[in-house]
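*Asks:*
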Amino acid sequence: MQLPDHDLIRKQFWARQLRQFIAFLTAVSLMFLLGYLYQYTDILGDNAKGLTFALLAIVIAAFIGFSAMNWRCPVCGKYLGADINRNVCRKCGVKLQ
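Its first residue numbered 3, the sequence shown is counted upward by one per residue in my numbering.
If you want it as structure tokens, here you go:
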């Protein structure tokens, strides 16, 4: 069995963590923008409330889908859970930071 390269694992985890943080900031920013547009029917027309609600659902679904694909252990591929600063994988026990 080949031992994992800890520097490579840390770099891969850092890249995943950075992508997750950027995705979170993007999703929250879009949700605030859509919440702002929800109040103003004159900007988006008569169907503004339905359109912004649909777009909000799409943003949330996209973030959840991205997180499910991105937020995995670089070694075993198991989902890492809700902790953004996880130190160790729960399945394989590899040190992530």
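Glycine residues also receive a C-beta, built at the ideal position from the N, C-alpha and C atoms.
Mind checking who R74 pairs with in its DSSP beta bridge?
*Replies:* Reading the sequence shown from its first residue, position 72 is the one you call residue 74. Y81.
*Asks:* Anyone know if the C-beta pair for I66 and Q19 falls short of 8 Å?
*Replies:* On the sequence shown, position 64 is the one that residue 66 refers to. On the sequence shown, position 17 is the one that residue 19 refers to. Their beta carbons are not under 8 Å apart, which means I66 does not touch Q19 by this criterion.
*Asks:* Rounded to the nearest angstrom, what separates L58 and L32 at their Cα positions?
*Replies:* Position 56 of the sequence shown, counting from 1, holds the residue named residue 58. Position 30 of the sequence shown, counting from 1, holds the residue named residue 32. Using only the alpha carbons, I get a separation of about 8 Å.
*Asks:* How long is the line joining the alpha carbons of K93 and G47, rounded to whole angstroms?
*Replies:* On the sequence shown, position 91 is the one that residue 93 refers to. On the sequence shown, position 45 is the one that residue 47 refers to. Their backbone Cα atoms lie some 50 Å apart in a straight line.
*Asks:* Tell me whether the beta-carbon of S69 lies closer than 8 Å to the beta-carbon of Q22.
*Replies:* Residue numbering aside, residue 69 sits at position 67 when the sequence shown is read from its first letter. Residue numbering aside, residue 22 sits at position 20 when the sequence shown is read from its first letter. Cβ atoms of S69 and Q22: closer than 8 Å.
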